[in-house]
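First the structure, in the form of structure tokens, and then the observations on it.
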């Protein structure tokens with residue numbers, strides 16, 4: 001399936017060159033209540049948190065982004081080296097190409113992450129649709145490929161619906177997720193890819209025994225939009241139009257975080273997270289950590305130091321938010337007061353009826 005590898009290269013190029021951002025995460029409608037008298041020392045604030053039994057220096061996840069093409073090895077190396085240096089978590093992109101292609105260069109685009117990040121919290125990545133074809137041993141092979149500490153199962157059916165060659169059979173995926181969550185040797189994270197997870201879906205996933213939910217809500221990179229650009233390039237005009245129509249589809253990230261956190265105790269907020277303040281807001285809303293993908297892409301192209309610089313900036317922004325809410329730890333930030341206004345409040349009010 002060489003087209004699988006080529007598609008990964010297309011995705012990176014389009015993200016770098018085209019307009020694939022959408023607004024509407026809901027974080028702009030969330031205000032953390034200011035504490036004018038915090039009574040803590042900023043430099044003694046503890047940003048550490050625990051995820052899958054690993055203590056992280058900060059609740060930051062370099063979200064699943066790439067791998068599967070020789071051109072992506074450099075990017076994954078820089079991301080993983082930075083994760084090792086700063087002690088944050090990192091996921092790789094879909095490992096389908098690594099599992100199905102007999103190509104050492106493709107394989108290296110994944111295996112490089114553990115080679116350069118022996119101590120980092122790394123998680124693998126397979127698609128829910130592929131679970132209909134794979135048995136648990138295949139998923140274990142993805143774990144072994146990068147010596148993963150956890151495995152993400154991604155839900156990307158809107159993206160698949162826009163792809164001219166997309167896999168649009170979603171029947172039986174929940175049962176397969178439950179089977180993998182029960183039998184796999186490492187924790188299982190189920191993550192969306194930019195369209196969010198509702199309370200009802202989060203409940204089904206919780207009942208299926210998944211260890212974490214990564215909401216990847218609406219408001220960041222639009223994979224529907226990305227696939228629309230790809231469809232245009234091959235003359236698939238209907239898919240191009242559908243991709244544009246649905247480019248802002250989904251549950252906003254702030255809403256998805258709140259709804260998922262009501263039913264699962266380990267939620268990762270991603271989807272349009274663009275600052276340490278966004279991460280702070282997500283944690284106040286109930287998340288365990290905040291994840292970013294696209295903001296890391298350009299720094300990864302520049303090298304490890306640029307990725308480290310971004311992580312340090314995010315951490316300082318997060319620490320500042322903690323300081324001015326009087327939160328000396330992540331646990332205290334989870335309990336800090338916040339106010340929800342605007343469209344996000346209206347959305348939540350309508351959902352609670």
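Residue numbers (UniProt numbering): 1 to 353. Here a beta-carbon is modelled for each residue, glycine too, at the ideal position from N, C-alpha and C.
{"query": "Close beta carbons around residue 34, own chain, < 8 angstroms, minus the five adjacent residues each side", "result": "324 and 325"}
{"query": "Pair within 8 angstroms by beta-carbon distance, residue 124 and residue 152", "result": "yes"}
{"query": "From 277, 69 and 295, residue whose alpha carbon lies closest to that of residue 316", "result": "277"}
{"query": "Alpha helix (DSSP H) segment containing residue 225, residue limits", "result": "223-233"}
{"query": "Straight-line gap, residue 129 to residue 93 (C-alpha atoms, nearest Å)", "result": "15 angstroms"}
{"query": "Distance CB(residue 261)-CB(residue 336) smaller than 8 angstroms", "result": "no"}
{"query": "Three-state secondary structure assigned by DSSP to residue 329", "result": "strand"}
{"query": "For residue 130, the three-state DSSP class (helix, strand or coil)", "result": "helix"}
{"query": "Identity of the residue in 109, 239, 332 and 199 nearest residue 351 by Cα", "result": "199"}
{"query": "Test item: CB-CB of residue 217 and residue 189 under 8 angstroms", "result": "no"}
{"query": "Proximity below 8 angstroms, CB of residue 29 to CB of residue 274", "result": "no"}
{"query": "The beta strand (DSSP E) enclosing residue 245, as first and last residue numbers", "result": "First-last for residue 245: 237-245, but that is the alpha helix (DSSP H), not the beta strand (DSSP E)."}
{"query": "Residues bridged to residue 213 [DSSP beta-bridge criterion]", "result": "190 and 267"}
{"query": "Cβ-based burial, residue 319 [other Cβ within 10 Å; buried from 16]", "result": "buried"}
{"query": "Coarse secondary structure for residue 62, derived from DSSP in three states", "result": "strand"}
{"query": "Which of helix, strand or coil DSSP assigns to residue 118", "result": "coil"}
{"query": "Residue 173, buried or exposed, once every other Cβ within 10 Å from all chains shown has been counted against 16", "result": "buried"}
{"query": "Beta-carbon proximity of residue 243 to residue 220, cut-off 8 angstroms", "result": "no"}
{"query": "CA nearest to the CA of residue 196, picked from 230, 24 and 13", "result": "24"}
{"query": "Contact test: residue 225 Cβ vs the ligand MN heavy atom, cutoff 7 angstroms", "result": "Inclusion of the ligand MN in the displayed structure is not the case, the ligand content being empty and no account of it being possible."}
{"query": "CB contact flag (residue 148, residue 307, <8 angstroms)", "result": "no"}
{"query": "Buried or exposed (CB count within 10 angstroms, at least 16 for buried), residue 205", "result": "buried"}
{"query": "Straight-line Cα distance separating residue 332 from residue 230", "result": "45 angstroms"}
{"query": "Length of the line joining the Cα atoms of residue 75 and residue 297", "result": "8 angstroms"}
{"query": "When 234, 180, 185 and 214 are compared against residue 208, the one with the closest alpha-carbon", "result": "180"}
{"query": "Exposure label - residue 16; buried when at least 16 CB within 10 Å", "result": "exposed"}
{"query": "Runs of alpha helix (DSSP H) wholly within the segment 254-326 (minimum 4 residues, chain order)", "result": "276-284, 294-302 and 304-323"}
{"query": "Range covered by the beta strand (DSSP E) that runs through residue 339", "result": "338-340"}
{"query": "Per-residue burial, residue 118 [other beta carbons within 10 Å of its own, 16 or more giving buried]", "result": "exposed"}
{"query": "First through last residue of the alpha helix (DSSP H) which encompasses residue 55", "result": "Here residue 55 belongs to no alpha helix (DSSP H); instead the beta strand (DSSP E) covers 54-56."}
{"query": "Neighbourhood of residue 105 by C-beta distance below 7 angstroms, restricted to the same chain and skipping five residues each side", "result": "70"}
{"query": "Residue 141 - containing beta strand (DSSP E), residue span", "result": "Premise fails: residue 141 lies in the alpha helix (DSSP H), 136-146, not in any beta strand (DSSP E)."}
{"query": "Helix, strand or coil at residue 11 [DSSP, three-state]", "result": "helix"}
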